[in-house]
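Number of protein chains: 2
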Amino acid sequence: MLLYDNAISGNCYKVRLLFSLLGIEYERREVSVIDRSNRAELLGDLNPGLRVPTLVLDDGRPLAESDAILVYFAEGTEYLPTDRYERAQALQWMFFEQYSHEPNIAVLRFWAHAEIKPDPREALAKFNGGLAALEAMERHLTGRDFFVGDRATVADIALYAYTHVADEGGFEIARFEAIGAWLERVRTLPGYVSI
Amino acid sequence: MLLYDNAISGNCYKVRLLFSLLGIEYERREVSVIDRSNRAELLGDLNPGLRVPTLVLDDGRPLAESDAILVYFAEGTEYLPTDRYERAQALQWMFFEQYSHEPNIAVLRFWAHAEIKPDPREALAKFNGGLAALEAMERHLTGRDFFVGDRATVADIALYAYTHVADEGGFEIARFEAIGAWLERVRTLPGYVSI
Chain U
206 MLLYDNAISG NCYKVRLLFS LLGIEYERRE VSVIDRSNRA ELLGDLNPGL
256 RVPTLVLDDG RPLAESDAIL VYFAEGTEYL PTDRYERAQA LQWMFFEQYS
306 HEPNIAVLRF WAHAEIKPDP REALAKFNGG LAALEAMERH LTGRDFFVGD
356 RATVADIALY AYTHVADEGG FEIARFEAIG AWLERVRTLP GYVSI
Chain P
206 MLLYDNAISG NCYKVRLLFS LLGIEYERRE VSVIDRSNRA ELLGDLNPGL
256 RVPTLVLDDG RPLAESDAIL VYFAEGTEYL PTDRYERAQA LQWMFFEQYS
306 HEPNIAVLRF WAHAEIKPDP REALAKFNGG LAALEAMERH LTGRDFFVGD
356 RATVADIALY AYTHVADEGG FEIARFEAIG AWLERVRTLP GYVSI
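In order, the protein sequences belong to chains U and P. Note that this note's numbering has the first sequence beginning at 206, numbered continuously upward. Note that this note's numbering has the second sequence beginning at 206, numbered continuously upward.
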């Protein structure tokens, strides 16, 4: 398999993390997240969103969107719940991640890495949106070990990716006790790799 | 079941549409998308994102995020593919919808409905983002009847919700031929209800 990948992208890291946890082999091809001029040429036939990660399966069929890739490979493993309601809860948290978490926390981190100076009003809106997402996670994790059921699932992998580097976007993760303990639980899963 | 619902929200409409297609009965409770002051009180224990739709199942368990609700109820019906790769493709399009489509197209429509005058630069960014999403859909639908496989799935329901009212946000949907034909295919599904 070939993963169109980026070393700094949390969305790409999700896939690398699950592959490592499951011992899945793949090749990777680095794609810039700064210079996007070759995206249509590179990914146009593979991924309508022109985003990374984009995966090409062994048989040549493409698959895109980080969280859809996670679900595909987690099927039949301990990382996707077998219970229908728990599976839906895992999806709920993954859609939460892509709608309420990533567009705020990942984008602030990206701006910091790329040394982009955003409009202050826009940056503040993203900071407040990111804080609200972290507060929702903190409330949910209080008294729980993982997001769904009692073991790590794709929901944890999806939310871990940008939460564990949220400080690079200006968030004080140390303020969130339950999140801190959960990050450590993910970090000690057998097969864990760092971003 | 109780659906925390909003009459104008496309995200809520997705759930009402699938329920109608499948003949599923439910009660609904209208939640304002303008005055959000009671959201924490109303939804705090049910949905970490405090968004509608939020569903309470017959046994009292909550489920949130429109596309996660669709997958939950589509399982075992013709609206969720049985093939693992097609199921992942349906998820891919649903994550595309929540990341690249809804934040642009639904938000411009909401601003028009709520008579909110946005910052012109922000409005333009959303307009261009929405156009890119529609162009990606048009390319994919050219030569295809539905987004995944050869029949309507949850991916079509998710993308139909805000695409069929995109003109309310300023998009000229009539310019997109393949999208137009696809909208008509969804509109004539047995059990279809309008927004």
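Yeah, the Cβ is synthetic: ideal placement off N, Cα and C, and Gly gets one too.
Straight-line Cα distance separating residue j from residue i
i              : j              : result
residue 261(U) : residue 269(U) : 9 Å
residue 206(P) : residue 363(P) : 21 Å
residue 351(P) : residue 311(P) : 21 Å
residue 365(U) : residue 395(U) : 15 Å
residue 386(P) : residue 393(U) : 51 Å
residue 263(P) : residue 232(P) : 11 Å
residue 226(P) : residue 389(P) : 15 Å
residue 341(U) : residue 335(U) : 10 Å
residue 318(P) : residue 374(P) : 9 Å
residue 313(P) : residue 305(P) : 13 Å
residue 241(P) : residue 361(P) : 29 Å
residue 254(P) : residue 337(U) : 9 Å
residue 295(U) : residue 329(P) : 34 Å
residue 292(P) : residue 276(U) : 9 Å
residue 377(P) : residue 297(P) : 25 Å
residue 381(P) : residue 331(P) : 18 Å
residue 239(P) : residue 398(P) : 24 Å
residue 353(U) : residue 339(U) : 17 Å
residue 372(P) : residue 320(P) : 15 Å
residue 326(P) : residue 327(U) : 11 Å
residue 349(U) : residue 391(U) : 13 Å
residue 400(P) : residue 367(P) : 10 Å
Classification of residue i by the beta-carbon crowding that lies within 10 angstroms, buried from 16 upward
i              : result
residue 322(U) : exposed
residue 177(P) : For residue 177(P) there is no data in the structure shown, the boundaries of chain P being 206 and 400.
residue 274(U) : buried
residue 210(U) : buried
residue 243(U) : exposed
residue 333(U) : exposed
residue 287(U) : exposed
residue 237(U) : exposed
residue 150(P) : Any answer about residue 150(P) is impossible in this case: the structure gives chain P only from 206 up to 400.
residue 357(U) : buried
Sequence-distant residues of the same chain with beta carbon closer than 7 Å to residue i, five excluded per side
i              : result
residue 212(U) : 235
residue 316(P) : 323
residue 346(U) : 383, 384, 387
residue 282(U) : 227
residue 258(U) : 208, 209, 210, 216, 217, 220, 271, 274
residue 279(P) : 223, 285, 359
residue 252(U) : 259, 267, 269
residue 229(U) : 278
residue 369(U) : 388
residue 379(U) : 385
residue 343(U) : 381, 383, 384
residue 214(P) : 238, 257
Residue-chain proximity (residue i, chain C), Cβ-Cβ < 8 Å
i              : result
residue 253(U) : The structure shown has no chain C; the protein chains it does contain are U and P.
Residues near residue i by beta carbon distance below 6 Å, same chain, minus five either side
i              : result
residue 289(P) : none
residue 309(U) : 331, 334, 335
Cutoff 8 Å; reference residue i; Cβ partners in own chain excluding five residues on either side
i              : result
residue 355(U) : none
Three or more C-beta pairs below 8 Å linking the region 301-310 of chain U and the region 236-254 of chain U: no
Uninterrupted alpha helix (DSSP H) stretches inside the region 292-337 of chain P (no shorter than 4 residues): 307-318
Continuous beta strand (DSSP E) assignments of at least 3 residues falling wholly in the region 232-297 of chain U: 232-235, 259-261, 267-269
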